[in-house]
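Protein chains: 2
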Amino acid sequence: MRAAIAKSGTLRVDDVEDPVPGSGDALIAVKACGICGSDLHALVHAHKMIEQSVAAGVPVTFDPSRDYIMGHEFAGEVLELGPDTAGASVSVGDLVTSIPVVLTPTGIEATAYSNTYNGGYADLMRLSAALCMKVPNGLDHRRAAMTEPMAVGRHAVGKAHVRTGDTAVVLGCGPVGLACIADLRRREVETIVAADFSPRRRATAVAMGATEAVDPRDEPAVDAWRRLTGGTRPLVMFEAIGVPGMLDSAMRAAPTQSRIVVVGVCMETDQVHPFVGITKELNIQFALAYDPLEFMQTLADIAEGVVDVSPMMTGVCGIDGVPDAFATLGRPDDHVKILVEPGRGPAIEPLTSAGLAAD
Amino acid sequence: MRAAIAKSGTLRVDDVEDPVPGSGDALIAVKACGICGSDLHALVHAHKMIEQSVAAGVPVTFDPSRDYIMGHEFAGEVLELGPDTAGASVSVGDLVTSIPVVLTPTGIEATAYSNTYNGGYADLMRLSAALCMKVPNGLDHRRAAMTEPMAVGRHAVGKAHVRTGDTAVVLGCGPVGLACIADLRRREVETIVAADFSPRRRATAVAMGATEAVDPRDEPAVDAWRRLTGGTRPLVMFEAIGVPGMLDSAMRAAPTQSRIVVVGVCMETDQVHPFVGITKELNIQFALAYDPLEFMQTLADIAEGVVDVSPMMTGVCGIDGVPDAFATLGRPDDHVKILVEPGRGPAIEPLTSAGLAAD
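So the protein sequences, as listed, match chains Z and U. If you read the first sequence in the working numbering, its first letter stands for residue 9, the second for the next number, and so on. If you read the second sequence in the working numbering, its first letter stands for residue 9, the second for the next number, and so on.
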């Protein structure tokens, strides 16, 4: 099969052996797979990620100096059900998605950030049949592939225990920040102030439900929040940028008694001023991923039109286009989310607001 | 009156003018005032504290390069009620305590960390009559003066939203850590693991209700917690040390999904590894002080014997002993809490376990 293969910080496209479904596996023909900012980051910083995971006591078997195939935001068609899948709730021909892990006899393993279970930047992948969720309501494969990033936002907002009367500031309008905005809107949070340097991402933030999106060089997000709300309502801030200094800057900008949800993944050592946190009794909640129920609810909400993901889907390309798409996503004004569709050519085609390619 | 006067990092004892009660004030004869670690810190780092408060957007009028008299853990006798105190609920002769702020026509002002309203390292002080709480149930002045530090612990534990089944680790057994332990015990938290280098403070931790107190050089606190609990129960950690590196070290040691309450005041820039927080979805709650209701409830609990503060009260001296007491408290094995009693000599006399001086 064709695949975009990462190894030691490089990305190449090549033909590799097809995966063979083992016990409990479903073999999937990938139909769409979103490119995640974490993949761009992991390509460069995989060793640091592993170092820090080990330091945090998380067991890691993944070796980024050997070949691995990323892509954890996928939807695909079931081609074949392997041995021991008699009780599976999906059938050959179904369009499915899954959380990006597989069940193995020795435990749960990650797909994509793995040398064993390839991700969705490939024609085919193995998933656990028991974890596959059938895409409901006739939802197309592109929107189905958006389940994963949108579930990240749902989980982060859930971690904030948002209550009636809360207001929100979202720092950073990449896919994670946008997913937070979509979920804040779904929960009917009245004031959602977004901030990003990129005009395109600010426009997308408003399309996803932000009350207002500001360029922090013109007006800091918390100033805009104060202007819109009077500054007396409880505030939850989402740090969805993940570069050093952002947490400290959010802590300094935060009004007293605010909550800050850290959902941007900062791999570097970072500096903070605890006294600022103490003076204002801030709460900092770190958030990671989602649970399977949140993933399933997100899929249902997209399928039923509760959450419209189309403003975020800006481009589509084939597997051969993945290296170029990685480079393109480094320029935040060019694209928000690029989907990989096996079988397409390498060119990145724009998607219309209805999530359709020009062809 | 006699007073221990701080100025630009130095502490001297001298005679100063008696305060005159203004509108709404009660004039108090200080009976006991605890020496707080924050005062030791503030003496040296007051400028840094102010710098960071200003950076955090907190207005500050206090100037530590001019004379100020610290001491915010006080109990005293009402000597006189000033003008406009007709509705006060306290009378001349009452033993009272108060949160360490005063109401002024222009707003709420701090006592002690103030060039205007002196604290309790003095014979006399002005308090707002409306904020004075009469010490109930015949409680003595020494235990009454412990209300303030114990309220800090009550508030910090309250901020942690401790639930049935939660377990606790308290890092640092100075008065703040001990106050957290006392309140965890009051809330019937079953397993409370304390950690401190000092044998005396570890013994005090057990006397205040810790299940076990460990020397972290022999066994890290979280290892002891794992040994005692099996490591599967929800954990709240209290960081009550407040030196750089402690927050990062607590984050690294914390099991996944733990809450960390930061109650130790770290004035320095600190380094953290956000990726560790994200991987384990930690929650960090910064906690400061208490509200008036918590203060009042703490006073009632001490007066009714719900919380026994006597193991923490280790020494007593007069105002002339304050500089020596500050130096003594820099050695954590010598004392836990030294109380200043105006009228006593400069020597630091040990207190018995019943909170009584030898004389």
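The beta-carbon is built from N, C-alpha and C at its ideal position, and this holds for glycine as well. From a predicted model like this one, the values you see are computed outputs, not experimental measurements.
Cβ-based neighbour list, residue i, same chain, cut-off 7 Å, excluding 5 preceding and 5 following
i, result
"residue 250 (chain U)", "272, 273 and 274"
"residue 107 (chain Z)", "139, 300 and 303"
"residue 343 (chain Z)", "322, 323, 336 and 337"
"residue 252 (chain U)", "274, 276 and 278"
"residue 2 (chain Z)", "The structure shown does not extend to residue 2 (chain Z), since chain Z spans only 9 to 367, so no value can be given for it."
"residue 165 (chain U)", "188, 191, 192 and 195"
"residue 26 (chain Z)", "9 and 132"
"residue 219 (chain Z)", "199, 200, 201 and 236"
"residue 215 (chain Z)", "319"
"residue 46 (chain U)", "273"
Local conformation of residue i per DSSP, three classes
i, result
"residue 153 (chain Z)", "helix"
"residue 317 (chain U)", "coil"
"residue 227 (chain U)", "coil"
"residue 188 (chain Z)", "helix"
"residue 2 (chain U)", "Absent from the structure is residue 2 (chain U), since the part of chain U shown begins at 9 and ends at 367."
"residue 357 (chain U)", "strand"
"residue 33 (chain U)", "strand"
"residue 60 (chain U)", "helix"
"residue 171 (chain Z)", "coil"
"residue 195 (chain Z)", "coil"
"residue 52 (chain U)", "helix"
"residue 212 (chain U)", "helix"
"residue 346 (chain Z)", "strand"
"residue 200 (chain U)", "strand"
"residue 302 (chain U)", "helix"
"residue 261 (chain U)", "helix"
"residue 351 (chain U)", "coil"
"residue 95 (chain Z)", "coil"
"residue 322 (chain U)", "strand"
"residue 222 (chain Z)", "strand"
"residue 284 (chain Z)", "helix"
"residue 100 (chain Z)", "coil"
Contacting residues, own chain, Cβ-Cβ under 8 Å from residue i (five flanking each side not counted)
i, result
"residue 289 (chain Z)", "264 and 265"
"residue 13 (chain U)", "19, 20, 21, 22, 24, 75, 76 and 77"
"residue 211 (chain Z)", "221"
"residue 239 (chain Z)", "233 and 263"
"residue 258 (chain Z)", "179, 245, 247 and 268"
"residue 167 (chain U)", "269, 293 and 295"
Beta-ladder partner(s) of residue i, from DSSP
i, result
"residue 279 (chain U)", "Z:279"
"residue 82 (chain Z)", "Z:41"
"residue 145 (chain U)", "None, per the DSSP bridge assignment."
"residue 134 (chain U)", "U:35"
"residue 294 (chain U)", "U:270"
"residue 217 (chain Z)", "DSSP output for residue 217 (chain Z) lists no bridge partner at all."
"residue 20 (chain U)", "U:13"
"residue 118 (chain U)", "U:109"
"residue 246 (chain U)", "U:178 and U:269"
"residue 88 (chain Z)", "Z:35"
"residue 125 (chain U)", "Answer is none; residue 125 (chain U) lacks a bridge partner."
Contacting residues, own chain, Cβ-Cβ under 6 Å from residue i (five flanking each side not counted)
i, result
"residue 116 (chain U)", "109"
"residue 147 (chain U)", "311"
"residue 73 (chain Z)", "16"
"residue 159 (chain Z)", "298, 302, 303 and 306"
Check your understanding: Using Cβ-Cβ distances below 7 Å, what residues of the region 260 to 294 of chain Z are close to chain U?
Key -> From the region 260 to 294 of chain Z, only 260, 270, 273, 274, 275, 277, 278, 279, 280, 281, 282, 283, 284, 285, 286, 287, 288, 289, 290, 291, 292, 293 and 294 have a Cβ closer than 7 Å to chain U.
Check your understanding: Which of the residues in the region 52 to 76 of chain U, read from start to end, lie with their CB under 7 Å from any CB of chain Z?
Key -> Under the 7 Å Cβ criterion, the region 52 to 76 of chain U contributes 60, 61, 63, 64 and 66.
Review point. At a cut of 8 Å, does the region 125 to 136 of chain U reach the region 78 to 94 of chain U through at least three beta carbon pairs?
Key: Yes, since at least three Cβ pairs between the region 125 to 136 of chain U and the region 78 to 94 of chain U fall closer than 8 Å, the two stretches touch.
**Study point:** Cβ contact check for the region 180 to 191 of chain Z and the region 202 to 210 of chain Z: 3 or more pairs under 8 Å
**Key:** The region 180 to 191 of chain Z makes contact with the region 202 to 210 of chain Z, as at least three CB pairs between them are under 8 Å.
Review point. Got a sec: which bits of the region 240 to 258 of chain Z sit with their beta carbon under 7 Å from any beta carbon on chain U, in order along the chain?
Key: Of all residues in the region 240 to 258 of chain Z, only 255 place a beta-carbon less than 7 Å from a beta-carbon of chain U.
Review point. Any residues in the region 294 to 306 of chain U with a beta carbon nearer than 7 Å to a beta carbon of chain Z? Which ones, in chain order?
Key: Result list: 294, 295 and 296.
Review point. If you pair each beta-carbon of the region 26 to 43 of chain U with each one of the region 80 to 97 of chain U, do three or more pairs fall below 8 Å?
Key: The region 26 to 43 of chain U is in contact with the region 80 to 97 of chain U.
Exercise for review: Decide if the region 279 to 287 of chain Z is in contact with the region 50 to 64 of chain U; the criterion is three or more beta carbon pairs, one per stretch, under 8 Å apart.
Suggested key: Touching, per the Cβ criterion.
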